[in-house]
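**Q**
Below you can see the structure in the form of structure tokens.
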């Protein structure tokens, strides 16, 4: 996610340029921190530049490019998606191809995926209020709870078997992260919040990946 929803303005400027937030559907900005929130509808710039449905050309290349942390492409793409920035026009080929690559390599797993995350009270309140929502950016998760980031919140995501919006990052698909049991979720995947509970000092956010609603423009 872009660490779900908080990113420093300086980081946005460095990755997207000084006009990186121009035309964005940014929810709020406090001091030098930008807050990105979950969405109830797919946003304007995403629909204009990146929502095309395309046949996959080279799934391995697309996933390798995204998972190559040395280029910071994943950060630039996810910040642009989270802010619905006009910079998405720079990724009008890459984002549809990455979505197609994920769809072409569905996840044959019907268990739970894990993601450690920082969630502010405001962000959690929005999730609880909406109940059903999209996460605009691509989201990295793990099938192994022990490998999920140690954060104050843990997302536990139930996924349907053969989900076309989730892709296991295997050695065949990427030379990066192959041993982390990483699963990449497509951008603007829809989720349903099931419950939030405390487990020791960790807030457990239970969610269900709503495969049928992901194709909708709004929830």
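Numbering (the UniProt record's numbering), first residue to last: 1 to 219. Don't be surprised by glycine CBs; every beta carbon is placed ideally from N, CA and C.
#1: I need the boundaries of the beta strand (DSSP E) containing residue 127, first residue and last residue.
#2: Kindly list the residues whose CB is nearer than 6 angstroms to the CB of residue 173, restricted to its own chain and excluding five residues on each side of it in sequence; keep chain order.
#3: Just to confirm before moving on: does the CB-CB distance between residue 138 and residue 185 stay below 8 angstroms?
#4: When you compare only the Cα positions, how much space is there between residue 214 and residue 71?
#5: With distances taken between CB atoms, is the gap from residue 191 to residue 133 smaller than 8 angstroms?
#6: DSSP three-state label for residue 36, please.
#7: Per DSSP, what kind of secondary structure is residue 205 in: helix, strand or coil?
#8: Can you tell which of 81, 165, 130 has its C-alpha closest to the C-alpha of residue 141?
#9: Starting from residue 114, trace the alpha helix (DSSP H) both ways and give me its first and last residue.
#10: Assign residue 135 to one of three DSSP states: helix, strand, or coil.
#11: Count the other CB atoms within 10 Å of the CB of residue 197; is the residue buried (16 or more) or exposed (fewer)?
#12: Do you know offhand how far residue 110's Cα is from residue 135's?
**A** Considering the structure as presented:
#1: One-based indexing of the chain shown puts residue 127 at position 127. From DSSP, residue 127 is part of no beta strand (DSSP E) but of the alpha helix (DSSP H) over 121–130.
#2: By one-based count along the chain shown, residue 173 stands at place 173. 60, 63.
#3: Here residue 138 is taken as the residue at index 138 of the chain shown, counted from 1. Here residue 185 is taken as the residue at index 185 of the chain shown, counted from 1. In this structure, residue 185 lies closer than 8 angstroms to residue 138 by Cβ.
#4: The count along the chain shown starts at 1 and reaches residue 214 at position 214. The count along the chain shown starts at 1 and reaches residue 71 at position 71. In a straight line, the C-alpha of residue 214 is about 29 angstroms away from that of residue 71.
#5: As a first step, residue 191 must be located in the chain shown, where it is residue number 191. As a first step, residue 133 must be located in the chain shown, where it is residue number 133. In this structure, residue 133 lies closer than 8 angstroms to residue 191 by Cβ.
#6: Taking the chain shown and counting its residues from 1, the one referred to as residue 36 is at position 36. Correct three-state label for residue 36: coil.
#7: Position 205 of the chain shown, counted from the start, is the residue given in the question as residue 205. Three-state DSSP puts residue 205 in a strand.
#8: Position 141 of the chain shown holds residue 141. Closest option to residue 141, Cα to Cα, is 165.
#9: Looking up residue 114 in the chain shown gives position 114. Element bounds for residue 114: not the alpha helix (DSSP H) but the beta strand (DSSP E), 112–117.
#10: For this step, residue 135 is matched to residue 135 along the chain shown. In the structure shown, residue 135 sits in a strand (DSSP, three-state: E or B).
#11: Along the chain shown, one-based indexing puts residue 197 at 197. Residue 197 is exposed by the Cβ-count criterion.
#12: Within the chain shown, residue 110 is the residue found at index 110, counting from 1. Within the chain shown, residue 135 is the residue found at index 135, counting from 1. Distance from the CA atom of residue 110 to the CA atom of residue 135, rounded to whole angstroms, is 20 angstroms.
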